[in-house]
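To keep things clear, I will list the structure first and then write my remarks on it.
2 protein chains.
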Amino acid sequence: MNAGATVEWLAIPAALPDAGARQAAEARQSQLTKPPGALGRLEAIAIQIAALQGTEQPCVDKVHITVFAGDHGVAVEGVSAFPQAVTAEMVKNFARGGAAICVAARILGASLEVINLGTAHDTGPLDGVKDRRLGPGTANFTLESAMDVHQLAHALGIGRHAAERARLNGAQLFIGGEMGIGNTTAASALACALLDAPPDRLAGPGTGLDARGVTHKIEIIRRALACHSTHHGTPLEALRRLGGFEIAALTGGYITCAHLGLPVLVDGFISSVAALAAARLCPGAEHWFLFSHASAEPGHRSVLDALDARPLLNLEMRLGEGSGAAVAVPLLRMACALHNEMATFAEAGVSGKSP
Amino acid sequence: MNAGATVEWLAIPAALPDAGARQAAEARQSQLTKPPGALGRLEAIAIQIAALQGTEQPCVDKVHITVFAGDHGVAVEGVSAFPQAVTAEMVKNFARGGAAICVAARILGASLEVINLGTAHDTGPLDGVKDRRLGPGTANFTLESAMDVHQLAHALGIGRHAAERARLNGAQLFIGGEMGIGNTTAASALACALLDAPPDRLAGPGTGLDARGVTHKIEIIRRALACHSTHHGTPLEALRRLGGFEIAALTGGYITCAHLGLPVLVDGFISSVAALAAARLCPGAEHWFLFSHASAEPGHRSVLDALDARPLLNLEMRLGEGSGAAVAVPLLRMACALHNEMATFAEAGVSGKSP
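Quick mapping for you: the protein sequence lines, in order, are chains A and B.
Taking my numbering, the leading residue of the first sequence gets 1, the next gets one more, and so forth.
Taking my numbering, the leading residue of the second sequence gets 1001, the next gets one more, and so forth.
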């Protein structure tokens, strides 16, 4: 069966984290030569990755990053500070290694792939960019559904295959990134539908709208929600009507990671909305998600709260591309190294707490 | 002149950051292929390091870490959750590479040295630990000054020499760490004197006191402040009477970095109190300090506020040893790499913001 054409696989429950590995990792942490809890959240991170990887000694040396790019019909409504041409231009920039995520991937020694799911402007053939175009961007969702059922299924499947490639190549951590002018508008609209929240709580400046621009963006989202209000009751329909190619691909990628037992490090606002959709579609998917950073995009807080997520970093980043997740990878690696390599009280002959 | 015996050098003004390099770095940031400000605090960090290093393209690949260890006479008052023997035991753990800072230094490829300024218990000779013992720990500062004038001058000079060695060895970033049972009590007392603040605002659980233990610690600090109240008016006297060997060494090290123009990444509560003392003793020293993390120790906030400091991380760490600073190093490296290696709009042919 062609995974790109059906969507039943989304509802398969996620793999279960390993409770025994978690307990072993907790026991190990309590024996390391430091006051209990003194490494703060790094201790919890190491224990969480241990449970997800099913081992007392977790490792995220091998990181795979897939950046999904696609354009948005709603961009015609003037919801972005940048022209739509930038999506295709940035895909070329990814191919040449000049974008932030390319630099970060080099620093991390991570594998990086870029998938064009449908830019409005042609890029021509590009080394290192997979061409999976489903159209010249989504439709303008203030007037019609962003995607038809085939586009949605294919976008989800493209994400699925990216996660499967990551697993086959031995990745220990999956990062999804996104690029698409207008995609904070799509993500905000989708989050409004999933959370039943008003647009003014979730919409923000994106790449740099001023206050008037944000007001206009809120109005556009309100119009879209009204257009689809009788139909966006299920997460899948909300994703099809209000999402985007890259948001659907992220959703499919995240769900596949949860099926395969591959930990995901979620980036910022748009990625978190995809993670929320994934959690709504796939029972238990959220157990496989670690959250890297709190975005400067104001709606991120509501989405994180809905996922009961506490991101590691708050650096006021708002770039996307997976960049915030990439910046957090060294913290995960440090957490694992400290967990695996520190001496225990017994090994080091160090006294414990006073009675 | 023996730097270990005099303290006049502390008051030499700090080097000046390079305003031209700062402007060049700011100009570069504005041309990189991302919405302006989208990398958040990573942009400001790269620009700050550029100004400190006097170059448009900053780099912190070469990191030097010195851990200063020393015992505290006030430990006899029962102010720590751990027995005093742990200071010497942890010095041995440093020598064997089993402590958190040893693991972190290996991950970072950083040079690490450990200096014993005076443990109460003998460690015997240890490979990789410099023996600079000034006594079996400081005196109990609830009864007398923690250090005499010679001990203070020598401790400051030991820190000075550590920073000078770091510079000679080509370090681009200096991290000071500390180990000493009882040293959150000393640091809290010193901060109370420097900030004219009450002990209950600055004292906390340290390595893990319970509420009753914290109350007792506050009482001990109150007694110490009363004992020295007519004398701790100058930062140097406060440091001598209420500080510790390792806190004084950190202070001397930080000031020397400021003199030499070597950026410092400050660790947590105790290191920040030393940074505060350094800023009070050396005009302009604070310009050379970057702050790595907000400690779980509650008094850290007041000390950071006094230094107008915004740390990068908040991971609820409270270990010391320089570990929080080490964990933040990859963020600085990522900030520099993104700043140096991303394509500009012109190079990549990417459109700027819409008019």
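Glycine included, each C-beta is placed from N, C-alpha and C at the ideal position.
How far does the alpha helix (DSSP H) with residue i in it reach, from first residue to last?
| i | result |
| --- | --- |
| A/Met90 | Ala85 to Arg96 |
| A/His64 | That residue, A/His64, is in no alpha helix (DSSP H); its beta strand (DSSP E) goes Val63 to Ala69. |
| A/Val264 | Note, A/Val264: premise wrong, no alpha helix (DSSP H); beta strand (DSSP E) at Val264 to Val266. |
| A/Leu236 | Pro235 to Leu242 |
| B/Met1334 | Ser1323 to Glu1341 |
| B/Gln1048 | Arg1041 to Gln1053 |
| B/Ala1189 | Asn1183 to Leu1195 |
| B/Cys1282 | Note, B/Cys1282: premise wrong, no alpha helix (DSSP H); not H, not E. |
| B/Ser1302 | His1300 to Ala1306 |
Would you say residue i reaches chain B, if we count a Cβ-Cβ gap shorter than 8 angstroms as a contact?
| i | result |
| --- | --- |
| A/Ile107 | yes |
| A/Met1 | In this predicted model, A/Met1 has a pLDDT of only 36, less than 50, meaning its place in the structure is not dependable enough to derive any value. |
| A/Lys353 | yes |
| A/Arg318 | yes |
| A/Asn140 | no |
| A/Asn93 | yes |
| A/Thr87 | no |
| A/Pro263 | no |
Inspect the beta-carbon positions of residue i and residue j and report whether they are closer than 8 angstroms.
| i | j | result |
| --- | --- | --- |
| A/Glu246 | A/Glu341 | no |
| A/Gly70 | A/Phe174 | no |
| B/Ile1065 | B/Gly1322 | yes |
| A/Ala100 | B/Leu1039 | yes |
| A/Pro235 | A/Ala277 | yes |
| A/Ala162 | A/Leu126 | no |
| A/Gly118 | A/Gly137 | yes |
| A/Glu89 | B/Ser1351 | yes |
| B/Ile1181 | B/Thr1087 | yes |
| B/Cys1282 | B/Leu1010 | yes |
| B/Thr1142 | B/Val1214 | no |
| A/Ala153 | A/Thr6 | yes |
Quick check on this structure: which residue in the options has the alpha carbon closest to the alpha carbon of residue i?
| i | options | result |
| --- | --- | --- |
| B/Thr1344 | A/Val79, A/Phe68 and A/Val103 | A/Val103 |
| A/Leu332 | A/Ala155, A/Thr215 and A/Val63 | A/Val63 |
| B/Leu1260 | B/Glu1056, B/Gly1284, B/Glu1316 and B/His1293 | B/Gly1284 |
| A/Ala146 | A/Ala224, A/Cys192 and A/Val7 | A/Ala224 |
| B/Leu1042 | A/Ser351, A/Pro355, A/Glu347 and A/Glu316 | A/Glu316 |
| A/Arg22 | A/Pro58, A/Ile12 and A/Pro36 | A/Pro58 |
| A/Ala274 | A/Arg212, A/Gln151, A/Leu194 and A/Asp131 | A/Leu194 |
| B/Ile1359 | B/Ala1294, B/Val1264 and B/Cys1257 | Examination of residue 1359 of chain B is not possible in this model, given that chain B is present from 1001 through 1355 alone. |
| B/Asp1308 | B/His1154, B/Pro1199, B/Glu1286 and B/Ala1085 | B/Glu1286 |
| B/Ser1302 | B/Ala1249, B/Leu1190, B/Val1079 and B/Leu1319 | B/Leu1190 |
| B/Gln1151 | B/Ala1024, B/Arg1167 and B/Arg1132 | B/Arg1132 |
| B/Gly1243 | B/Ala1187, B/Val1091, B/Glu1297 and B/Ser1272 | B/Ala1187 |
| A/Ala335 | A/Ala24, A/Ile47 and A/Leu202 | A/Ile47 |
| B/Val1129 | B/Ile1115, B/Gly1135 and B/Phe1082 | B/Ile1115 |
So that I know if they touch, is there some Cβ in chain A lying closer than 8 angstroms to that of residue i?
| i | result |
| --- | --- |
| B/Phe995 | One cannot answer for residue 995 of chain B here, as it falls past the ends of chain B, which runs 1001 to 1355. |
| B/Arg1041 | yes |
| B/Glu1178 | no |
| B/Glu1297 | no |
| B/Arg1028 | no |
| B/Thr1207 | yes |
| B/Arg1133 | no |
| B/Thr1006 | no |
| B/Ala1193 | no |
| B/Ala1100 | yes |
| B/Glu1341 | yes |
| B/Pro1035 | yes |
Which residues mark the beginning and the end of the beta strand (DSSP E) in which residue i is found?
| i | result |
| --- | --- |
| B/Glu1178 | Leu1173 to Met1179 |
| B/Glu1113 | Ser1111 to Asn1116 |
| A/Lys217 | No beta strand (DSSP E) holds A/Lys217; the alpha helix (DSSP H) holding it covers Ala211 to His228. |
| B/Leu1290 | Phe1289 to Phe1291 |
| A/Val129 | Val129 to Asp131 |
Which term fits residue i, buried or exposed, when burial requires 16 or more other beta carbons within 10 angstroms of its beta carbon?
| i | result |
| --- | --- |
| B/Asn1183 | buried |
| B/Gly1098 | buried |
| A/Ser229 | exposed |
| B/Asp1267 | buried |
| A/Pro355 | exposed |
| A/Lys217 | buried |
| B/Gly1020 | exposed |
| B/Val1149 | exposed |
| A/Ser292 | buried |
| A/Gly233 | exposed |
| B/Ile1255 | buried |
| A/Gly299 | buried |
| A/Met1 | For A/Met1, the pLDDT reaches just 36, beneath the cut-off of 50, and the residue's location in the model is therefore unreliable, although a value from the coordinates is still provided. A/Met1 comes out exposed. |
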